[in-house]
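Enquirer: Order-wise, the sequence lines are chains A and B. For what it's worth, our numbering labels the leading residue of the first sequence as 1, then goes sequentially. For what it's worth, our numbering labels the leading residue of the second sequence as 1, then goes sequentially. C-beta: ideal position from N, C-alpha, C; glycine also. The following block contains the structure, expressed as structure tokens.
Number of protein chains: 2
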Amino acid sequence: MEKMQKPTLHTVLSPRLLDLYDLTDTIVVIIDVFRATSTIATALYNGAIQVIPVPDVETCIQRGKEIPNSVTAGERDGKVIPGLQFGNSPAEYTRDFIEGKTLVLTTTNGTKLLNMALQMGASDIITGSFPNISAVTDYLLASKKNVILGCSGWKNKVNLEDSVFAGAIASRIGEHYDILCDSTLMAQTVYENNKHDLPALAKKATHWHRLANYGLSYDLEYCVSEDVANVLCHYQDGKLVVP
Amino acid sequence: MEKMQKPTLHTVLSPRLLDLYDLTDTIVVIIDVFRATSTIATALYNGAIQVIPVPDVETCIQRGKEIPNSVTAGERDGKVIPGLQFGNSPAEYTRDFIEGKTLVLTTTNGTKLLNMALQMGASDIITGSFPNISAVTDYLLASKKNVILGCSGWKNKVNLEDSVFAGAIASRIGEHYDILCDSTLMAQTVYENNKHDLPALAKKATHWHRLANYGLSYDLEYCVSEDVANVLCHYQDGKLVVP
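What follows is the structure in structure tokens.
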């Protein structure tokens with residue numbers, strides 16, 4: 001019997017590098033640990049019907065008006081945007097508040113990367129974060145497809161927290177993939193060196209310093225907690241939903 | 001007395017990300033461990049008058065014709081280029097061969113990044129590699145300027161060996177800099193985890209697999225050996241020279 005070839009797994013450390021990779025027949029995992037993809041998982045876990053990622057504030061406000069029982073939310077540079085109702089903190093999206101509603105969301109990095117992947121023809125997109133890491137790995141393993149771990153970074157710069165999440169994925173399921181990707185090796189090394197204390201690592205991230213300046217430090221511990229909002233967030237027809 | 005502010009240090013993991021950084025009054029270290037910058041250090045250490053980095057094969061051949069006592073060399077995709085006299089292996093540039101000569105060099109990644117930095121207005125450029133790491137750190141510390149560690153990568157993808165060299169620099173002299181750069185933190189972690197056996201780490205690099213396929217594996221150990229060709233390689237008026 002012929003040996004089954006393993007699918008490949010690559011980590012893309014910055015949106016700027018996404019076009020160097022082939023997205024055909026590939027699952028793209030959009031990663032924006034602080035905080036878009038953590039917030040998406042939390043909203044869906046707590047009963048939001050759907051999360052609609054939009055590229056800009058204007059579209060966010062417009063879609064919010066069109067969709068009944070929706071809330072508009074987002075951030076730019078880590079701060080709430082004037083004109084939108086809510087911010088990008090997962091703590092805002094409790095079950096009491098978000099159940100049965102639609103969340104229309106725009107963020108600096110995560111929603112942009114998702115739109116880039118769409119424009120490049122990605123057909124199977126999920127969002128990933130520590131709060132839903134097991135749902136992500138379960139889906140990847142079951143699919144047996146090639147994987148791109150897409151880090152949103154910060155304004156195209158590489159960031160620590162998204163890279164470390166990619167490393168966590170590789171650490172958990174890497175043995176099932178052919179990994180000829182130096183970015184993945186690096187991310188996995190950094191994760192494995194720090195997995196015993198991810199909050200301490202996260203506090204070294206440059207974005208952490210930005211968030212801390214805005215008094216949002218209470219999100220940090222939550223956003224590096226595994227499986228506290230463990231649902232798959234799958235992109236279908238313009239929306240992220242639990243399939 | 002006012003506390004002196006430290007200069008900054010950033011690592012740029014791919015040429016694609018270079019334009020996200022300000023190169024004004026900054027030393028840019030061009031890093032291409034396998035093998036351009038290791039070869040440059042070796043040629044200058046062994047008495048080459050100068051190394052002229054050129055962007056393409058045609059220019060390489062032309063400059064070789066113009067400059068007396070010069071040799072043309074380079075690689076594309078890790079292989080020697082038809083039309084050029086020599087390749088990109090540091091082992092080729094012994095003192096017997098290169099002393100007193102000019103080396104005209106074109107490579108896939110390193111010489112391209114150097115030209116990008118020039119086009120972006122960088123005014124203080126050196127090349128860095130393990131063979132001349134102490135010359136690099138001595139120069140950086142003495143200059144007290146901001147530093148960009150520019151990794152050449154592989155066709156714009158992030159690579160392990162250049163990142164690890166950036167990490168080695170940060171590990172040695174990071175305390176003298178303000179480092180608010182996640183790429184540097186990651187590179188330093190990977191370096192410090194593997195510094196006891198850099199050849200073993202290098203063998204995990206994807207570029208290593210490429211080189212090994214071309215029978216060039218004997219370069220590997222040399223290119224991760226510290227200070228075996230310890231001269232400063234400084235860019236001045238179109239040439240790399242020992243100042």
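Quick one: complete beta strand (DSSP E) runs, 3+ long, within the stretch 27 to 92 of chain B?
Expert: Every beta strand (DSSP E) of 3 residues or more that sits fully in the stretch 27 to 92 of chain B is shown, in chain order, as 50 to 53, 70 to 76.
Enquirer: My output table needs one value for glutamine 236 of chain B: the three-state DSSP class, helix, strand or coil.
Expert: Along the second sequence, one-based indexing puts residue 236 of chain B at 236. Strand at glutamine 236 of chain B.
Enquirer: Can you name, in chain order, every residue of its own chain whose Cβ lies under 6 Å from the Cβ of threonine 108 of chain A, other than the five neighbours on each side?
Expert: As a working note, residue 108 of chain A is residue 108 in the first sequence. Arg76, listed in sequence order.
Enquirer: Opposite glycine 128 of chain B in the DSSP bridges: which residues?
Expert: Translated into the one-based positions of the second sequence, residue 128 of chain B becomes position 128. Answer by DSSP bridge pairing, in chain order: B:Ile31.
Enquirer: Assign asparagine 69 of chain B to buried or exposed, taking buried as 16 or more other Cβ atoms, counted over all protein chains shown, within 10 Å of its Cβ.
Expert: As a first step, residue 69 of chain B is located in the second sequence; it is residue number 69 there, counting from the start. Asparagine 69 of chain B is exposed by the Cβ-count criterion.
Enquirer: For lysine 204 of chain A, return the contacting residues in chain B, with the cut-off set at a CB-CB distance below 9 Å.
Expert: Along the first sequence, read from residue 1 onward, the residue named residue 204 of chain A stands at position 204. Under the 9 Å cutoff, chain B gives Asp182, Leu185.
Enquirer: Would you mind giving the Cβ-Cβ distance between cysteine 151 of chain B and valine 12 of chain B, rounded to the nearest angstrom? I have them listed as a contact below 8 Å.
Expert: As a position in the second sequence, residue 151 of chain B is number 151, starting the count at 1. As a position in the second sequence, residue 12 of chain B is number 12, starting the count at 1. Yes, cysteine 151 of chain B and valine 12 of chain B are in contact; Cβ-Cβ is about 6 Å, under 8 Å.
Enquirer: Given a cut-off of 8 Å, decide if isoleucine 126 of chain B and histidine 270 of chain B are closer than it, judged by their beta-carbon atoms.
Expert: This structure cannot speak to residue 270 of chain B, because chain B is shown only from 1 to 243.
Enquirer: Compare the C-beta of asparagine 109 of chain A with all C-beta atoms of chain B and state if any pair is closer than 8 Å.
Expert: On the first sequence, residue 109 of chain A is found 109 positions in, with the first residue counted as 1. Closer than 8 Å: no.
Enquirer: So, are the CB atoms of threonine 102 of chain B and alanine 166 of chain B less than 8 Å apart?
Expert: Translated into the one-based positions of the second sequence, residue 102 of chain B becomes position 102. Translated into the one-based positions of the second sequence, residue 166 of chain B becomes position 166. No; because the gap between Cβ atoms is not below 8 Å, this pair is not in contact.
Enquirer: Which class does leucine 160 of chain A belong to by DSSP, given the choice of helix, strand or coil?
Expert: To locate residue 160 of chain A, count along the first sequence from 1; it is residue 160. The answer is helix: DSSP assigns leucine 160 of chain A an H, G or I state.
Enquirer: Is any beta-carbon of chain B found at less than 8 Å from that of valine 147 of chain A?
Expert: Translated into positions along the first sequence, residue 147 of chain A becomes position 147. No, no contact with chain B.
Enquirer: Is cysteine 223 of chain B helix, strand or coil when you go by DSSP?
Expert: Translated into the one-based positions of the second sequence, residue 223 of chain B becomes position 223. Cysteine 223 of chain B falls in the helix class under three-state DSSP.
Enquirer: When you compare only the Cα positions, how much space is there between serine 225 of chain B and phenylalanine 130 of chain B?
Expert: Your numbering for residue 225 of chain B matches position 225 in the second sequence. Your numbering for residue 130 of chain B matches position 130 in the second sequence. Distance between the alpha carbons of serine 225 of chain B and phenylalanine 130 of chain B is about 6 Å.
Enquirer: If the cut-off is 8 Å on Cβ atoms, which residues from the stretch 209 to 233 of chain B count as contacting chain A, listed in chain order?
Expert: Residues of the stretch 209 to 233 of chain B whose Cβ lies closer than 8 Å to any Cβ of chain A, in chain order: His209.
Enquirer: Could you give the DSSP three-state label for methionine 1 of chain A: helix, strand or coil?
Expert: The residue given as residue 1 of chain A occupies position 1 in the first sequence. Here methionine 1 of chain A scores only 49 on pLDDT, less than 50, and its place in the model should not be relied on; the value that follows carries that caveat. In this structure, DSSP gives methionine 1 of chain A a state outside helix and strand, which the three-state scheme calls coil.
Enquirer: Let's test the definition: count the other Cβ atoms within 10 Å of the Cβ of tyrosine 218 of chain A and tell me whether it reaches 16, buried, or not, exposed.
Expert: If you number the first sequence from 1, residue 218 of chain A lands on position 218. Exposed is the call here.
Enquirer: Of the residues that make up the stretch 2 to 26 of chain B, which ones have a beta carbon closer than 8 Å to any beta carbon in chain A?
Expert: Listed by position along the chain: Leu13, Ser14, Arg16, Leu17, Leu20.
Enquirer: I need the straight-line Cα distance from threonine 39 of chain B to isoleucine 179 of chain B, nearest angstrom please.
Expert: Counted from its first residue, the second sequence places residue 39 of chain B at position 39. Counted from its first residue, the second sequence places residue 179 of chain B at position 179. Rounded to the nearest angstrom, the two C-alpha atoms are 29 Å apart.
Enquirer: Starting from the beta carbon of serine 163 of chain A, find every residue of chain B whose beta carbon is closer than 8 Å, and list them in chain order.
Expert: Translated into the one-based positions of the first sequence, residue 163 of chain A becomes position 163. Result: Asp182, Met186.
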